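Numbering (this note's numbering), first residue to last: 1 to 160. Even for Gly, the Cβ is constructed at its ideal location relative to N, Cα and C. Only a predicted model underlies this, so the values are computations on that prediction, with no experimental measurement involved. What follows is one structure encoded as structure tokens, with my remarks underneath.
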């Protein structure tokens, strides 16, 4: 009798766990904010950018940077260590909903501005996402976004 009650209970719990909310894609949160707020305010006159539609598979292409969120040295050290150990899997980043700027397929040799999004790194409770924006013939503009576990950006800044 106890087994007869236990089996439907277990099956019910398994079924309910299938309705679990999708996990937050922190890279998508940072990308959406970057395109809608930062890109349009800091880079006036842009009409077209190139983007792969996914995160980078390595942090090495981010290059050198000076971390800009406090405590700078401590966070930079922790994040650089985590990035070295992290096996970055690419994640798809959607951009169909963006209508403020035209986003085209990534072409290595094209002379259009390019956006690079790096996989989120978790440090303590927060996640950090790096975005690099490369205008032709200019140094890359690098940004970091601190995102809380609920998916809200708590801080961001442009790095040197």
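Sequence-distant Cβ neighbours of residue 82 in its own chain, meaning closer than 6 Å and more than five residues away, are 121.
In the DSSP assignment, residue 51 is bridged to 115.
Burial state of residue 138 is exposed, judged by a 10 Å Cβ sphere holding fewer than 16 other Cβ atoms. In this structure, residue 117 sits near residue 93, with a CB-CB distance shorter than 8 Å. With respect to the 8 Å criterion, residue 33 and residue 133 are not classified as neighbours on the basis of their beta carbons. Residue range 141 to 147 is occupied by the beta strand (DSSP E) that includes residue 146.
With at least 16 other beta carbons inside 10 angstroms of its own, residue 30 counts as buried.
72 is the residue among 72, 109, 110 and 78 whose C-alpha sits nearest the C-alpha of residue 156. Assignment of beta-bridge partners to residue 102 by DSSP yields 48. Residue 104 holds the alpha-carbon nearest to the alpha-carbon of residue 95 among 104, 88 and 43. Residue 80 holds the alpha-carbon nearest to the alpha-carbon of residue 123 among 80, 89 and 100. The shortest C-alpha to C-alpha distance from residue 40 to any of 109, 140 and 101 is the one to 101. Take the alpha-carbon of residue 45 and the one of residue 60: they are about 30 Å apart.
In terms of Cα proximity to residue 28, the closest of 76, 125 and 115 is 115.
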